[in-house]
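Before any comments, here is the structure.
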Amino acid sequence: MDRLDAMSLFVATVEAGSLSAVARHAGVPLATVSRKLSELERHLKTRLLNRSTRRLTLTDAGRSYLAACRRILDEVGEAERAAAGEYLSPTGELVITAPVVFGRLHVLPVVTDFLAAYPEVDIRLTLSDRITQLIEEHIDLAVRIGELPDSAMVAARVGQIRRIVCASPAYLAKHGTPFEPRDLSGHNCITFEGLASPATWSFGTGKSETVVPVRSRLQLNTAEAAIDAAIAGLGLTRVLSYQADAAVRAGALHVVLEPFEPPPWPVNLLHAGQGLLPVKLRAFLDFAAPRLKERLARSL
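Under this note's numbering, the first residue of the sequence shown carries the number 2, and numbering increases by one thereafter.
Following this line, the structure appears as structure tokens:
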């Protein structure tokens, strides 16, 4: 039995959540996956997984073994990258994740410039608003917007993002401009679930924080749709500044209640802090950080 192969199969099974999913991904019969896991359990003389028709669950021994497998496989991968020269010159693949709209508007242009400058590096860029787990999902770098929880990750701040309220000039001309948060009670609002409650919006911070009720005439699940509805004159919407930047610069939207905005959210480049940093990742950090800072400094 190849122990590293068995460890990799065990980790993949846990992450996939089923034997059939691993078999499909690996292109091998389901019986082969089941047999190899059974061989591993016989070798260890303990059960790692509780199998049922609906799901797999880890035993206590399985949880401990999973953590050890991930650590060992990461160390083997690091040794292979070192032998292949990834710690000597920028080469290999970088896996990066970023929020969908921010990634398209700001990260993708930086990535394309980086690839032109570093022909030996390839990048897999995933745009998703889901909070990913860097180590578990084998991600080299994540772009995060918002306050970060305490962790062993290393963060490099590249700017900040405002939370703005805006509306079309036509709407403001017809319904008037709100000058204080309490003025929102007389306005139509457009909300989207990714940023604010459909019932209340908060302004200020700390002791000066104000929470006001809003009438959400339209609830949406994307900022782009909320911005389109605001441009159409339906009402006021609250979005992140980069999401509405183009519309504001074009005059399609006007920002209101600026003195009452809550504190801006930081934008960070996040990566694991353990071990020697691969040269490809260091090269990207050195390349991307100043360019993202410059782009964000020019934004709203």
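Quick reminder that beta carbons are idealized off the backbone N, C-alpha and C, glycines included.
In the three-state reduction of the DSSP assignment, A153 falls in the coil class, being assigned neither a helical nor a strand state. By a beta-carbon distance limit of 8 Å, S129 contacts V101. Their separation comes to about 7 Å. Along the length of the segment 53 to 111, whole alpha helix (DSSP H) runs at least 4 residues long occupy 61 to 84, reported in chain order. The three-state reading of DSSP puts P260 in helix, counting H, G and I together.
For T133, the closest alpha carbon among the candidates F288, A273 and T113 is that of A273.
Relative to the Cα of L237, the nearest Cα in the group D123, P179, N51 and A298 belongs to P179.
With a cutoff of 9 Å on beta-carbon distance, V215 and T206 are scored as not near each other. At the C-beta level, V15 and L74 stay beyond 9 Å of one another. Under the rule that a run must span 4 or more residues, no alpha helix (DSSP H) segment is found entirely inside the segment 185 to 230. DSSP, reduced to helix, strand and coil, places T127 within a strand of the structure shown.
Here R296 has H107 as same chain residues with Cβ atoms under 6 Å from its own Cβ, once five neighbours each way along the sequence are excluded. Non-local beta-carbon contacts of K294 in its own chain, meaning distances under 6 Å to residues more than five positions away in sequence, involve V159 and G160 in chain order. With three or more CB-CB distances shorter than 8 Å, the segment 217 to 229 counts as touching the segment 184 to 199. Ranked by Cα distance from R163, the options V144, F261 and P91 are led by F261. For V23 against A13, the beta-carbon gap comes to about 5 Å, under 8 Å, which counts as contact. In its chain, beyond the 5 residues on either side, T98 have a beta carbon closer than 6 Å to the beta carbon of T127. Relative to the Cα of A153, the nearest Cα in the group R283, L271, L286 and I228 belongs to L271. Per DSSP, P267 lies in no alpha helix (DSSP H); the unbroken beta strand (DSSP E) holding it starts and ends at W266 to H272. Exposed is the label assigned to V212, since fewer than 16 other Cβ atoms lie within 10 Å of its Cβ. Residue nearest to V249 within the set R36, L20, E42 and I165 is I165 (criterion: CA-CA distance).
G93 sits away from V111, with the two beta carbons spaced by 9 Å or more. DSSP, reduced to helix, strand and coil, places R164 within a strand of the structure shown.
The Cβ neighbour count for A230, taken over all protein chains shown within 10 Å, is at least 16; the residue is labelled buried. For V96 against I140, the beta-carbon gap comes to about 5 Å, under 8 Å, which counts as contact. At a Cβ-Cβ threshold of 9 Å, I228 and V240 count as neighbours. Counting only the Cα atoms, D3 lies some 17 Å from L49. Ranked by how close their Cα comes to the Cα of L38, the residues G63, D246 and V144 have G63 in first place. In terms of Cα proximity to E81, the closest of P279, S300 and A284 is P279.
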